[in-house]
Amino acid sequence: MTFTMEQFQLNGKVALVTGAVHGIGFEIAKSLATAGATIVFNNLSQESVDQAMKLYQEAGIEAKGYACDVTDEAAVQKTVQKIKEEVGSIDILVNNAGIIKRIPMIDMSAEEFRQVVDVDLNAPFIMAKAVIPDMIEKGGGKIINICSMMSELGRETVSAYAAAKGGLKMLTKNIASEYGQYNIQCNGIGPGYIATPQTAPLRETQENGERHPFDQFIVGRTPAARWGTPEDLAGPAVFLASSASDFVNGHILYVDGGILAYIGKQP
């Protein structure tokens, strides 16, 4: 097929982005809408959904939000069916919802560990399981899992998050292996350190006026010499959601400013 820019168009497609109420998820939803997709999103509470609707309206994006706990399989199945009835069957699923608990491993309770794994790994499994049957029936679909550099690396205080995101990388590859025969592409985006509300405490100026040590570390450790922005993930998301990526499957696209390729500066 000769390449055309139309391959990046998502007109007529329904995209569900989980947890798309701010930050990365919101920017990805905006980018998919710009490419022509109809946007559906969810979050845990109706209050957060209503607040996010104002953001979508201010951005000039028509979207429909649903309150749904993505770790509750029955609730997910019910919500996916409701979306199908009210908007249409889902063509593009972006598993964006996630949490992190920064606790040293030996201080973390088993329940805290389970909470992170439940949202960051079990929920993408539940969501994919809910949408794949309709994707098979309609002849294909796109699943994008928001992974992490912690899908590849470890560091202190994020044992549960790294375990979940490592598992999500392999779930991505397995979905691609199992359902690629049905023209379903499942890929991941692995963000680097992104400036979002979630990472704001790591970027705060200290009382002495100096930059946070972690902020200095990340900027020095990243070849791009900056934090990423949610907007940096927009183009990759559109690519993986579009027909331009029809022969890309089981791949994790790291959008990290080069940090995974870089061993660091010599002292």
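Residue numbers (our numbering): 68 to 334. The beta carbon of each residue, even a glycine, is placed where N, CA and C say it ideally should be.
Would DSSP call residue i helix, strand or coil?
i	result
Asn109	strand
Pro297	helix
Ala328	helix
Leu160	strand
Val315	coil
Tyr133	strand
Val322	strand
Thr138	coil
Thr266	helix
Ile150	helix
Ile173	helix
Do residue j and residue i come within 7 Å of each other at the CB atom, strictly closer than that value?
i	j	result
Gly167	Tyr228	Before going further, note that residue 167 is Ile rather than Gly in the sequence given. In contact: Ile167 and Tyr228 (Cβ atoms closer than 7 Å).
Thr138	Ala195	no
Ala142	Asp187	no
Ile170	Ala304	no
Ile159	Lys209	yes
Gly317	Asn250	no
Thr224	Ala262	no
Val81	Gly155	yes
Val147	Ala100	no
Pro268	Gly325	no
Leu300	Ile128	no
Ile199	Glu140	no
Asp323	Gly259	yes
Gln113	Ala134	yes
Ile173	Lys236	no
Considering just the uninterrupted stretch of the beta strand (DSSP E) at residue i, what are its terminal residues?
i	result
Leu235	Element bounds for Leu235: not the beta strand (DSSP E) but the alpha helix (DSSP H), 226-246.
Lys80	Per DSSP, Lys80 belongs to no beta strand (DSSP E) and is neither H nor E.
Pro258	251-258
Ile203	Unbroken run through Ile203 is the alpha helix (DSSP H), 190-205; no beta strand (DSSP E).
Leu211	This sequence places Ile at residue 211; Leu is not what is there. 208-213 is the extent of the beta strand (DSSP E) around Ile211.
Counting along the chain, where does the alpha helix (DSSP H) carrying residue i start and finish?
i	result
Leu99	90-101
Ile285	280-288
Glu179	177-184
Going by alpha carbons, who is nearest to residue i out of the options?
i	options	result
Gly331	Ala308, Arg288, Lys80	Arg288
Gly234	Glu223, Asn250, Thr224, Met217	Met217
Ala104	Gly90, Glu219, Leu77, Leu238	Leu77
Lys131	Tyr329, Phe306, Phe93	Phe93
Gln248	Cys135, Met172, Glu204	Glu204
Lys240	Ser176, Val315, Val116, Ile157	Val315
Ser226	Tyr123, Val183, Ala126	Val183
Tyr321	Glu219, Met68, Leu238, Ile157	Glu219
Trp294	Ala311, Thr266, Met68	Thr266
Asp136	Asn110, Arg222, Val116	Asn110
Asp201	Glu179, Ser176, Glu152	Glu152
Pro264	Gly79, Arg181, His89	His89
Ala292	Tyr329, Gly79, Ser309	Tyr329
Gly79	Gln124, Met68, Tyr123, Ile157	Ile157
Under 7 Å between C-beta atoms, does residue i make it to chain B?
i	result
Glu219	The chain inventory of the structure shown lacks chain B, comprising one protein chain alone.
Taking 8 Å as the threshold, find out whether the region 271-282 comes into contact with the region 237-244 through three or more Cβ pairs.
no
Can we say the region 77-94 touches the region 152-165, given the rule of at least three CB pairs closer than 8 Å?
yes
If we count Cβ pairs, one from each stretch, closer than 8 Å, do we get three or more for the region 268-275 versus the region 69-78?
no
So does the region 213-227 actually touch the region 247-256, counting three or more Cβ pairs closer than 8 Å?
yes
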